[in-house]
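Written out below as structure tokens is the structure these notes cover.
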Amino acid sequence: MPKVTFVAHDGTTTIADEPDGVSVMRAGQNAGLAGIVAECGGSMMCATCHVYVREPWAAQLPAMTATEDEMLSMTTSERKATSRLSCQIVLSAAIDGITVELPETQI
Ligand code: FES
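Structure below.
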């Protein structure tokens, strides 16, 4: 199962592994992370699942849709070049080991 590492704003690291097809958002929620709020449940309507994807994974992800781009303009914490909505990142062997940093706040 692909692994995903979450780095909280305070530096705390949590590693989760989930089957292919599970979103990074859901993996974070399953791991009990408070830093992933995900108010809309993955419908790309809230931007409270914002993460900063570390390289080299950020460059390996599919391009974001116009809707994701629009939602990322509404994040509470600063948007960066590697900002993504974690509900739109689907785990697979291709991105096994992906590491994402959680912003200081989601709301
Ligand atoms: S969970 Fe709402 S936009 Fe990702």
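Under my numbering, the first residue of the sequence shown is numbered 1, with each subsequent residue one higher. All C-beta atoms, glycine included, are put in the ideal place defined by N, C-alpha and C. Being a predicted model, the structure only gives us computed values, none of them experimental.
**Prompt:** Leaving out five residues before and five after Arg79 in sequence, what residues of the same chain have Cβ atoms less than 6 Å from its Cβ?
**Reply:** Leu72
**Asked** In chain order, what residues of the same chain lie with their CB nearer than 7 Å to the CB of Met25, ignoring the 5 residues before and after it?
**Response** Within the same chain, Met25 has close Cβ partners Ile36, Ala38, Gly42, Cys49, Ser86, Cys87.
**Residues near Gly21 by beta carbon distance below 8 Å, same chain, minus five either side** = Val90, Leu91, Ser92
**Asked** Taking the C-alpha atoms as reference points, what is the distance between Val51 and Thr67?
**Response** 16 Å
**Message:** Using a Cβ-based criterion (distance less than 7 Å to any ligand heavy atom), does Met25 qualify as near the ligand FES?
**Reply:** yes
**Prompt:** Taking 7 Å as the cut-off, does the CB of Leu85 come closer than this to any heavy atom belonging to the ligand FES?
**Reply:** Indeed, a heavy atom of the ligand FES lies less than 7 Å from the Cβ.
**Prompt:** Secondary structure at Leu72, three-state DSSP: helix, strand or coil?
**Reply:** In the three-state DSSP reduction, Leu72 falls in the helix class (H, G or I).
**Request:** Can you tell me which of Met1, Thr5, Ala47 puts its alpha carbon nearest to the alpha carbon of Thr75?
**Result:** Ala47
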